[in-house]
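Undergrad: Residue numbers (the working numbering): 628 to 833. Glycine is no exception: its CB is placed at the ideal position from the N, C-alpha and C atoms. Please read these numbers as outputs of a predicted model, since none were measured by experiment. Would you mind keeping the following structure in view while I ask a few things?
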């Protein structure tokens with residue numbers, strides 16, 4: 628038995644196991660696409676709300692996150708938690724959706740358009756997530772920044788290594804965080820357009 632057939636049997640069993648809990652129409656494994664859209668709007672709405680309180684800057688970025696999480700946890704902190712965990716769940720749902728469509732052989736023939744327009748969405752989500760991690764600028768954000776730029780340094784693109792720009796706060800400026808905010812808004816807008824294109828050839832129920 629091939630790997631794809633084994634995975635398909637596993638998905639079938641998991642879907643049947645969830646049917647008694649949710650019903651066939653509301654089974655999350657059968658509605659990964661709509662679930663991804665739902666999570667996107669949660670992330671977008673909470674992101675707009677958080678933007679009202681967020682300050683850009685090497686020191687101000689982390690300070691504003693502390694203010695959101697501790698001083699005003701009852702509204703801004705809850706919004707940040709929703710933004711964070713809905714983003715994580717969206718990544719999981721997206722990867723499950725990608726794997727499910729591949730396992731069920733839904734990437735060629737009449738479905739080629741959805742597959743070709745869907746795969747780039749993975750990269751838009753990744754770039755949006757990376758810029759979001761960087762905005763917080765805690766130890767994890769610095770690690771992600773250094774790791775990501777070290778991968779870029781391996782390519783013959785830049786004359787000098789750029790990873791060292793993230794080693795100390797003195798190496799950065801507030802303009803960098805202003806750029807991050809711009810990217811963290813622009814990339815999801817491009818992602819929204821890509822998602823809209825992705826569903827253009829999906830048949831609607833009548």
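Would you identify the three-state DSSP class for residue 647, choosing helix, strand or coil?
TA: Three-state DSSP puts residue 647 in a helix.
Undergrad: So residue 801 and residue 633 are supposed to be a Cβ contact under 8 Å. How far apart are they, rounded?
TA: About 52 Å; that fails the 8 Å criterion.
Undergrad: Does the segment 808-827 touch the segment 666-681, meaning 3 or more C-beta pairs lie closer than 8 Å?
TA: Contact holds: three or more Cβ-Cβ distances are below 8 Å.
Undergrad: Just reading off the alpha helix (DSSP H) that residue 804 is part of, what are its end residues?
TA: Here the alpha helix (DSSP H) through residue 804 covers 801-825.
Undergrad: Taking residue 675 as the reference, which of 716, 691, 707 has the closest Cα?
TA: Nearest of 716, 691, 707 to residue 675, Cα basis: 707.
Undergrad: Excluding sequence positions up to five away, which residues of its chain have a Cβ less than 8 Å from the Cβ of residue 688?
TA: For residue 688, where only same-chain residues beyond five positions count, the Cβ hits under 8 Å are 681, 682, 762, 763, 764, 804.
Undergrad: Evaluate the contact criterion for the segment 646-656 versus the segment 690-705: three or more CB pairs, one atom per stretch, below 8 Å.
TA: No: fewer than three Cβ pairs fall under 8 Å.
Undergrad: If we require 4 or more residues per run, which alpha helix (DSSP H) segments fall completely within the segment 688-744?
TA: Runs of the alpha helix (DSSP H) inside the segment 688-744: 705-730.
Undergrad: Would DSSP call residue 629 helix, strand or coil?
TA: Of the three classes helix, strand and coil, the one that applies to residue 629 here is coil, per DSSP.
Undergrad: Can you tell me whether residue 629 is buried or exposed? The criterion is at least 16 other CB atoms within 10 Å of its CB, across all chains shown.
TA: Burial call: exposed.
Undergrad: Given a cut-off of 8 Å on the beta-carbon distance, is the pair residue 656 and residue 645 in contact?
TA: It is a contact, given that the beta carbons lie within the stated cut-off.
Undergrad: In the structure shown, what three-state DSSP assignment does residue 661 receive?
TA: It is helical.
Undergrad: Touching or not, the segment 728-745 and the segment 770-780, by the rule of three or more beta carbon pairs under 8 Å?
TA: The segment 728-745 is not in contact with the segment 770-780.
Undergrad: For the alpha helix (DSSP H) containing residue 656, list its first residue and its last residue.
TA: No alpha helix (DSSP H) contains residue 656, which DSSP labels as neither H nor E.
Undergrad: Hey, residue 771 and residue 760: beta-carbon distance below 8 Å or not?
TA: Result yes, Cβ atoms of residue 771 and residue 760 sit closer than 8 Å.
Undergrad: Compute the distance between the beta-carbons of residue 733 and residue 659, then report whether it is under 8 Å.
TA: Not closer than 8 Å, so no.
Undergrad: If we count the other Cβ atoms within 10 Å of its Cβ and call it buried at 16 or more, is residue 820 buried or exposed?
TA: The residue is exposed, with fewer than 16 neighbouring Cβ atoms inside 10 Å.
Undergrad: Going straight from the alpha carbon of residue 766 to that of residue 829, what length do you get?
TA: So the two alpha carbons sit approximately 42 Å from each other.
Undergrad: Can you tell me whether residue 833 is buried or exposed? The criterion is at least 16 other CB atoms within 10 Å of its CB, across all chains shown.
TA: Confidence in residue 833 is poor, its pLDDT being 48 and thus under 50, which makes the residue's placement unreliable; the coordinate value appears in the next sentence. Exposed, because fewer than 16 other Cβ atoms sit within 10 Å of the Cβ of residue 833.
Undergrad: Look at residue 775 and residue 748 and say whether their C-beta atoms are less than 8 Å apart.
TA: It is not a contact, given that the beta carbons lie outside the stated cut-off.
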